[in-house]
Amino acid sequence: MNKPLRQWLLAQASYYMEYLQPRKSIALLEAVKRFEPKNPDVYRMLSYAYLQIDRPEDSIKAADTFLQYAKPGMDTRAIKWIKGRALLKKRKKAAVK
272 MNKPLRQWLL
282 AQASYYMEYL
292 QPRKSIALLE
302 AVKRFEPKNP
312 DVYRMLSYAY
322 LQIDRPEDSI
332 KAADTFLQYA
342 KPGMDTRAIK
352 WIKGRALLKK
362 RKKAAVK
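Residue numbering for the sequence shown follows the working numbering, beginning at 272 and increasing consecutively.
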């Protein structure tokens with residue numbers, strides 16, 4: 272997959288997130304992930320999308336993968352917030368069961 276196409280897919284995924292269509296965003300991000308398995312931006316966006324569709328376990332996994340591939344000095348505050356929200360949702364789900 273060439274770079275302009277990957278950038279377009281990431282832009283479309285961002286657009287879908289902005290307009291509250293996380294499932295469409297996930298489909299695009301999963302495609303990009305196959306070609307860029309170490310791109311932290313893909314995992315950051317996936318983590319947020321999974322949080323939006325109430326899949327906290329997947330959100331946490333994507334957040335951890337983001338942190339694994341994040342470059343030194345990269346701002347990680349947003350992903351830590353997303354992971355915290357996902358952990359909270361996971362605990363609430365477990366308490367209901």
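C-beta: ideal position from N, C-alpha, C; glycine also.
Could you tell me the alpha carbon to alpha carbon distance between residue i and residue j, rounded to whole angstroms?
i      : j      : result
Lys295 : Leu358 : 23 angstroms
Phe337 : Ile331 : 10 angstroms
Arg356 : Arg326 : 11 angstroms
Tyr290 : Ala298 : 15 angstroms
Thr347 : Tyr319 : 13 angstroms
Asn310 : Ser285 : 15 angstroms
Gln283 : Leu276 : 10 angstroms
Under three-state DSSP, which class holds residue i?
i      : result
Leu281 : helix
Gly344 : coil
Arg294 : helix
Under 7 angstroms, Cβ to Cβ, is there at least one residue of chain C near residue i?
i      : result
Ile297 : Of the protein chains in this structure there is only one, and it is not chain C.
For residue i, report the span of its alpha helix (DSSP H) as first-last.
i      : result
Pro308 : Here Pro308 belongs to no alpha helix (DSSP H), and DSSP marks it neither H nor E.
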